[in-house]
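Going down the list, the sequences are from chains A and B. Residue numbers for the first sequence follow my numbering, so the first one is 1 and each next one is one higher. Residue numbers for the second sequence follow my numbering, so the first one is 1 and each next one is one higher. Heads up, the beta-carbon is just placed ideally off N, CA and C, and yes, glycines get one too.
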Amino acid sequence: MMNKRMWKPAGLAMAAVAATAAVTLAVSPANAQRDPAYEAARTAGQIGEQPDGYLGFVSTPTPAVRDIVNDINIKRKAAYTSGAPQGSTVEQFAFVTGCNLIAKTKPGEKYKAPDGTWRTRDAGAPVRDSRCP
Amino acid sequence: MKISTKAARRRAIGGRCLAAMTGAAALAGCVQIETPDKPIEINLNINIRQEIVYRLDGDAKKLIEENSGIF
């Protein structure tokens with residue numbers, strides 16, 4: 001009897017925990033899809049890929065866009081730091097990833113050329129650092 | 001006559017010295033791989049860099065794939 005009475009609140013609590021965990025799992029992991037606001041800022045050309053492996057602002061960002069980019073760059077830094085293979089630096093790993101990220105930009109998206117200018121990706125190959133693979 | 005002999009000897013010694021110096025210089029030139037040190041060093045750096053770049057390329061692609069939300 002006591003058990004049955006205890007079960008309900010406990011069960012509810014468990015369900016709440018499970019739901020929270022599910023939401024956290026669905027939202028937080030870096031391997032999920034891109035945030036729609038991030039995707040929109042990319043497509044709009046407000047932000048772009050830099051040769052150093054991080055996102056940069058093409059134009060003065062709105063506070064919301066600035067927050068998104070700062071958050072992603074912090075997560076990228078963490079990923080580069082934990083993912084850099086033995087014998088390479090975080091900067092080197094970030095650089096090579098940046099080479100790939102610029103190569104992966106879609107036509108219309110922005111990227112920073114080695115001379116520091118922002119370019120719009122077109123159908124052709126992007127202008128990248130000569131050391132890129 | 002004596003003076004001229006002395007001068008000749010001096011010249012001869014000078015010549016020998018010059019030859020020795022030239023020889024030394026030539027020898028130094030042979031050993032001195034330091035002279036083209038700069039371009040060699042730059043090439044070496046590029047090679048090392050490329051090696052690192054190519055080694056990291058696969059890891060970079062994997063990182064992007066596994067963390068598509070932040071790339």
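1. Please check if any C-beta of chain B sits within less than 8 Å of the C-beta of residue 24 of chain A.
2. Do you know offhand how far residue 82 of chain A's Cα is from residue 132 of chain A's?
3. List the endpoints of the continuous beta strand (DSSP E) containing residue 120 of chain A.
4. Which residue comes first and which comes last in the beta strand (DSSP E) that contains residue 54 of chain A?
5. Would you please verify whether the beta carbon of residue 76 of chain A is less than 8 Å from any beta carbon of chain B?
6. Expressed to the nearest angstrom, what Euclidean distance is found between the alpha-carbon atoms of residue 68 of chain B and residue 43 of chain A?
7. Show which residues of chain B have a CB atom less than 7 Å away from the CB atom of residue 96 of chain A.
8. So, for residue 114 of chain A: in the same chain, excluding its five sequence neighbours on each side, which residues have a beta-carbon less than 8 Å away from its beta-carbon?
9. Does chain B have any CB closer than 8 Å to the CB of residue 92 of chain A?
10. Can you find the residues in the same chain that come closer than 8 Å, C-beta to C-beta, to residue 54 of chain A, ignoring five residues on each side of it along the sequence?
11. Thinking residue 96 of chain A and residue 60 of chain B are a contact (beta carbons under 8 Å), I'd like their distance in whole angstroms, please.
12. Should residue 108 of chain A be listed as close to the ligand ZN, given that the test is whether its C-beta is under 7 Å from any heavy atom?
13. Spell out the partners DSSP gives residue 111 of chain A in its beta bridges.
14. Which same chain residues, not among the five before or five after residue 125 of chain A, have their C-beta less than 6 Å away from its C-beta?
15. Taking all protein chains shown into account, do 16 or more other C-beta atoms lie within 10 angstroms of the C-beta of residue 54 of chain B, making it buried, or fewer, making it exposed?
16. Taking buried to mean at least 16 other C-beta atoms within 10 Å of its own C-beta, is residue 42 of chain B buried or exposed?
Well, looking at it:
1. Residue mapping note: residue 24 of chain A aligns to position 24 of the first sequence, counting from 1. Unreliable placement is indicated for residue 24 of chain A, whose pLDDT of 46 sits below 50; the coordinate value is still reported in the next sentence. No, no contact with chain B.
2. Position 82 of the first sequence, counting from 1, holds the residue named residue 82 of chain A. Position 132 of the first sequence, counting from 1, holds the residue named residue 132 of chain A. Their Cα atoms are separated by approximately 22 Å.
3. The residue you call residue 120 of chain A lines up with position 120 of the first sequence. Run containing residue 120 of chain A: 118-120, per the beta strand (DSSP E) assignment.
4. Position 54 of the first sequence, counted from the first residue, corresponds to residue 54 of chain A. Counting along the chain, residue 54 of chain A falls outside any beta strand (DSSP E), and DSSP gives it neither H nor E.
5. What you label residue 76 of chain A is simply residue 76 of the first sequence in a count that begins at 1. It does: the Cβ of residue 76 of chain A has a partner Cβ on chain B nearer than 8 Å.
6. If you number the second sequence from 1, residue 68 of chain B lands on position 68. If you number the first sequence from 1, residue 43 of chain A lands on position 43. Taking the straight line from one Cα to the other gives about 16 Å.
7. One-based indexing of the first sequence puts residue 96 of chain A at position 96. Going along chain B in sequence order, the residues near residue 96 of chain A (Cβ under 7 Å) are 53, 56, 57, 60.
8. Numbered from its first residue, the first sequence carries residue 114 of chain A at position 114. Closer than 8 Å at the Cβ level, and outside the excluded window around residue 114 of chain A, lie 51, 127, 128, 129, 130.
9. On the first sequence, residue 92 of chain A is found 92 positions in, with the first residue counted as 1. It does; some Cβ of chain B falls within 8 Å.
10. For this step, residue 54 of chain A is matched to residue 54 along the first sequence. Excluding positions up to five away in sequence, the list reads 73, 76, 77, 94, 98.
11. On the first sequence, position 96 is the one that residue 96 of chain A refers to. On the second sequence, position 60 is the one that residue 60 of chain B refers to. The distance from the Cβ of residue 96 of chain A to that of residue 60 of chain B is about 5 Å, consistent with a contact at the 8 Å cut-off.
12. Summarising the ligand content, the structure contains no ligands, and the ligand ZN is consequently not present.
13. Within the first sequence, the letter at position 111 stands for residue 111 of chain A. Answer is A:49, A:119.
14. In the first sequence, residue 125 of chain A corresponds to position 125, counting from 1. Nothing listed; no residue qualifies.
15. Within the second sequence, the letter at position 54 stands for residue 54 of chain B. Exposed, by the Cβ-count rule.
16. For the purposes of this step, residue 42 of chain B is identified with residue 42 of the second sequence, where counting begins at 1. Below a pLDDT of 50, predicted positions are generally treated as unreliable, and residue 42 of chain B, at 36, falls in that range; the measurement from the model is reported next regardless. Exposed.
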